[in-house]
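Contents: one structure, followed by commentary.
In the numbering used here, the protein residues as written are 17 to 401.
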């Protein structure tokens, strides 16, 4: 369990058996924090999986609220919607901020992860919950990388995939942004490769890493439109921390400091490292061969102003995947448009689901999770901080 705040609805799955990682290392046990909306149908075939972005949590209804509700693409009256905190995260799943078997925080001892490791942990959760068919795997940014891996790691279970502002492999451009964030973390003497006192974490390093990331998440047009040359007093009024400073600078510092209050620095490092491993073609005969092996319908969401996962990445993904279709929105907000302008994706996502719908068993009301097997401990109590 971590010290970061979890919603009261968060549940836990604990697998008391070794979880082997791609690196050859293993975790003695696997803990996954997750949330569910709706109920699993008796046939286990009405599930929808939502995969979160880098600093997200299992609270998908908070950060993707436009997608949730009756008649929406994520409808708890129809679907059993599941979102789990990613392996390596700090909102309840196994990660650097969680407790190792020796009773101490993992910290810098936590092993290297890949996106495939994270998806395999999600597969373990789906198995434990009795999910036999996933109608849609939906993810944005890092979550989109996971959604694409689902298509190849568990093709028999996944019916459709939708990925927003993501790609089938991490480009050199994405990798250098990741490295800039690593350098920002490492420049803080308190970081110590993750071996720091949680009571005195590398706040400056994490804040700096976040400011680097925020620049890559937005566009020149979005910041110019919002701030221009305005000062803090002009943009924020009485809420301005530095009234005479350029508002854009204050905005950037605010985002750095805000992350420090809610995220673990080494978890951040582990997750950006995992993103750099992303390549659907690794071990599958190359990138093009891997994409051509995706048999599910795939909706590839692109943002015209995205300067991180650039539109060319999505165009290539859509061109090479046999059943893919490309959707581009004209958000001014850059990469963060997948969150800020999520509503602009909604109707196309709903249409995509309806066109490829495979009707699950009609009756609902089964328990959201089956009894645990002898080798599992399933904890469904509400989590506390």
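The beta carbon of each residue, even a glycine, is placed where N, CA and C say it ideally should be. All values reported here derive from a predicted model rather than from experimental measurement.
For residue 269, the enclosing alpha helix (DSSP H) stretches over residues 263 to 276.
Residue 93 carries a coil assignment under DSSP once its states are collapsed to helix, strand and coil. CA-to-CA, the gap between residue 363 and residue 356 works out to about 15 Å. Annotation: residue 371 to residue 269 spans about 44 Å, alpha carbon to alpha carbon. The alpha-carbon of residue 367 is positioned some 12 Å away from that of residue 178. Counting other Cβ atoms within 10 Å of its Cβ, residue 192 stays below 16 and is therefore classed as exposed.
Contact between residue 312 and residue 174 holds, with the beta-carbon distance rounding to 6 Å and staying under 8 Å. Comparing C-alpha distances from residue 31 to each of 345, 144 and 238 shows the shortest one belongs to 144. The Cβ atoms of residue 110 and residue 46 sit closer than 8 Å to each other.
Exclusion of the five residues before and after residue 147 leaves 60 and 63 as the residues of its chain whose Cβ lies within less than 6 Å of its Cβ. Between the region 344 to 360 and the region 313 to 322, the count of Cβ pairs shorter than 8 Å is three or higher; the stretches touch.
Check the Cα spacing between residue 130 and each of 91, 185, 201 and 151: the tightest is with 185.
Three or more Cβ pairs drawn from the region 214 to 226 and the region 275 to 283 lie within less than 8 Å of each other, which places the two stretches in contact. Note on the region 33 to 102: whole beta strand (DSSP E) runs with a minimum of 3 residues are 46 to 53, 63 to 67 and 96 to 100, in chain order.
Listed in chain order, the non-local C-beta contacts of residue 353 below 8 Å within the same chain comprise 181, 319, 321, 322, 345, 347 and 360, local neighbours out to five positions each way being set aside. Contact annotation, residue 99 with residue 74: C-beta distance approximately 5 Å; criterion of less than 8 Å satisfied. Counting of Cβ neighbours within 10 angstroms places residue 189 among the exposed residues, the total staying below 16. CA-to-CA, the gap between residue 201 and residue 87 works out to about 43 Å.
Using a C-beta cut-off of 8 Å, the region 204 to 211 makes no contact with the region 291 to 311, since fewer than three inter-stretch Cβ pairs fall below that distance.
The DSSP-derived three-state label of residue 345 is strand. Boundaries around residue 155 are those of the beta strand (DSSP E), 150 to 156, since no alpha helix (DSSP H) includes it. Looking from the CA of residue 23, the closest CA among 41, 78 and 56 belongs to 78. A straight-line Cα-Cα distance of about 21 Å links residue 218 and residue 116. Distance from the CA of residue 199 to the CA of residue 375, rounded to the nearest whole angstrom, comes to 49 Å. According to the DSSP assignment, residue 141 belongs to no beta strand (DSSP E) but to the alpha helix (DSSP H) extending over 131 to 145.
When C-alpha distances from residue 214 are compared across 294, 158, 113 and 84, the shortest belongs to 113. Between residue 97 and residue 54, the C-beta gap is smaller than 8 Å, which places the two residues in contact. The beta carbons of residue 134 and residue 104 sit closer together than 8 Å. Secondary structure at residue 288: helix, using DSSP grouped into helix, strand and coil.
As DSSP reads the structure, residue 174 sits in a beta bridge with 150.
In this structure, residue 296 sits near residue 168, with a CB-CB distance shorter than 8 Å. Taking a contact as a CB-CB distance under 8 Å, the pair residue 232 and residue 324 counts as one, their CB atoms being some 5 Å apart. For residue 93, the closest of 57, 299 and 142 by C-alpha to C-alpha distance is 57.
Cβ atoms of residue 158 and residue 69 come within 8 Å of each other, at about 5 Å.
The Cβ atoms of residue 38 and residue 132 sit closer than 8 Å to each other. Residue 314: member of the beta strand (DSSP E) spanning 314 to 319, first to last residue.
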